[in-house]
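*Asks:*
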Amino acid sequence: MGEAFGLKKAHGKLRIAIIEDDEAVREVCRRALSRRSHEVIEFNNGASALEASEKEAFDIAIVDWVLPDYDGFSLFQRLKEKLPNLVGIALTGQGLRDVVVKSLGVGMPWVLIKPFTIAELISVVDTACEYASIINNADQLRTRTEVAETLLHEVDLERLGQRLTQTAIEQTNSNAASLLVTDRLRGCLRIVSAVGIPLATRNIEVRPTTGIVGLVIQMRKPIIINSEMMKHSYIAQRLRYGGKGSAISFPLLEDEGVNGVLNVTRWEDEPQFKESDVEAFGWFVAWASKVVSRSLQYEMLKESFFNTARLLVSLQEAQDPYRRSHSERVAEYACALAASLGCSRREIETVKASAFLYQIGLHQIDKAILHKKGKLTEAEYEQVKRYPELTIQALGDVPFIWDVREVILSHREHYDGSGYPNGKSGDEIPFLARLLSVADTYVALTSPRPHRPAMSEESAKEELLKMAGKELDPELTKSFVKHILEGAKKKKL
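Our numbering puts the sequence shown at residues 907 to 1399.
1. In the DSSP assignment, the beta strand (DSSP E) including residue 1151 goes from what residue to what residue?
2. Counting pairs of Cβ atoms below 8 Å between the stretch 1121-1128 and the stretch 1156-1173, do you hit three or more?
3. What residues are listed by DSSP as bridge partners for residue 1401?
4. So what does DSSP say about residue 1400, is it helix, strand or coil?
5. So which of 1100, 1357 and 1086 has the shortest CA-CA distance to residue 1111?
6. By DSSP, does residue 994 sit in helix, in strand, or in coil?
7. Is the beta carbon of residue 1246 less than 8 Å from the beta carbon of residue 1335?
8. Could you check the C-alpha separation between residue 1259 and residue 1209 for me, to the nearest Å?
9. Looking at the secondary structure, which residues open and close the beta strand (DSSP E) in which residue 1242 lies?
10. Quick test of your reading: residue 1169 and residue 1233, contact by CB under 8 Å. State the CB separation rounded to the nearest angstrom.
11. When the Cα of residue 1311 is compared with those of 1297, 1062, 1383 and 1386, which residue comes out closest?
12. Can residue 924 and residue 932 be called in contact, C-beta distance under 8 Å?
13. Tell me whether residue 1358 sits in a helix, a strand or coil according to DSSP, three-state version.
14. Residue range of the beta strand (DSSP E) that residue 1463 falls in?
15. According to DSSP, residue 1173 sits in a beta bridge with which residue or residues?
16. Per the DSSP calculation, residue 923 is bridged to which residue(s)?
17. Between the stretch 1216-1234 and the stretch 1259-1269, do at least 3 Cβ pairs fall closer than 8 Å?
18. Give the single residue among 947, 952 and 960 whose Cα lies nearest to the Cα of residue 1174.
19. Report buried or exposed for residue 982, applying the criterion of at least 16 other Cβ atoms within 10 angstroms of its Cβ.
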């Protein structure tokens, strides 16, 4: 814990813990190492060092081999469990051979024998610093590579946001994180992911001119929120800071614009975020800026697809008086049902795309058959049954972001196996195809057809329930009636 940021200072200036019960020895070490700009932390026993390692990291530990509560061997083993990259130096006045053997066994390659000179101390610490830098740099490189590979493989904004906030917490030892992205159409920022904060604050929109978010966007640089920063009146008046914990808000920059804001928060007073944390986390923020920018472009492409599909389908359906706005209504009902069932954003987008595309093949069927007022002959019905496959043929090899083909091909399968084109039944039918079928059936029932007028909402609801377990998935049908139809009626009341 506490090592996610890696080295705290560049050029060998590290955090060094002196764990020694002799105050005079600690004083000598502290003065000598502080003059070389190292950050020195002192402990007079092993327990206090272990407690500190739960909350903060140090890169090198100078450990007295005989402490009141621990021997150096056992203590360093315990410290390494908390800080795997910790480098150790043993202090001893005992027989050298036994100490060297034991210290090497636990990963402490250097031993200083009391009394030692300042020159000996500096020489050993400098060597340990070089070793610590190699270990930490290799660890940082490995971590950054793993994080970059993970982020590069994700373009969906919702899932990317979840990964970014979770990784931010891990990398900064924070308790909470949130990602806000710019919605240029609405002129605001919206929270796409939040971890460790109350549910009520998640699905909100933030104006880009207010609070800490507005300040970060205006200044185009990270802002640390802690007790020290509250001394700046310009910052203090923009924040609601109760004096507890600390946080950093990072702008996600792209050229002259800001694509979003990434926030990390620690609820505890110690350790508070500092400027060195901003520098250490800069690599992650740079990656976050790149992948969020790419994801926003991906979102724009998806929105462009839906707008284009909506336009083309509406033009096509406008030629058929019985099918005007059919796909739009099916998409609306199907997405509402999917959302009420807790489907993922990708599943909702998949059923939405399928709803706009699934009837393309229907327009290749003879209009005389589709508009026939009497009962279809067997041959005519066989023609109609071809339309899911005709739709798939029309889509050809066009690549889609979503897995729409299985949904489109199977949406006319019946739960009892009596549907087409492949006679699938029950769970053999893809879940989203079963869901689309419920929405499609309801819209068809409440729309006029050549052989009948449109049903009322109440009659259509009764008909749906009769079809549950036969043509339609029974559970999805009940959910549709309860949450979408009856739920909408309650809202009107």
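Note that the Cβ used here is the ideal one computed from N, Cα and C, for glycine as well. Only a predicted model underlies this, so the values are computations on that prediction, with no experimental measurement involved.
*Replies:* Taking the definition as stated:
1. Note, residue 1151: premise wrong, no beta strand (DSSP E); not H, not E.
2. yes
3. What is shown of the chain runs 907 to 1399, which leaves residue 1401 out entirely.
4. Absent from the model: residue 1400. The displayed extent of the chain is 907 to 1399, so no value can be given.
5. 1086
6. strand
7. no
8. 11 Å
9. No beta strand (DSSP E) contains residue 1242, which is instead part of the alpha helix (DSSP H) from 1232-1246.
10. Their Cβ separation, rounded to whole angstroms, is 40 Å, which puts residue 1169 and residue 1233 out of contact at 8 Å.
11. 1297
12. yes
13. strand
14. As shown, the chain starts at 907 and ends at 1399. That puts residue 1463 outside it, with no answer to give.
15. None, per the DSSP bridge assignment.
16. 947 and 967
17. yes
18. 960
19. buried
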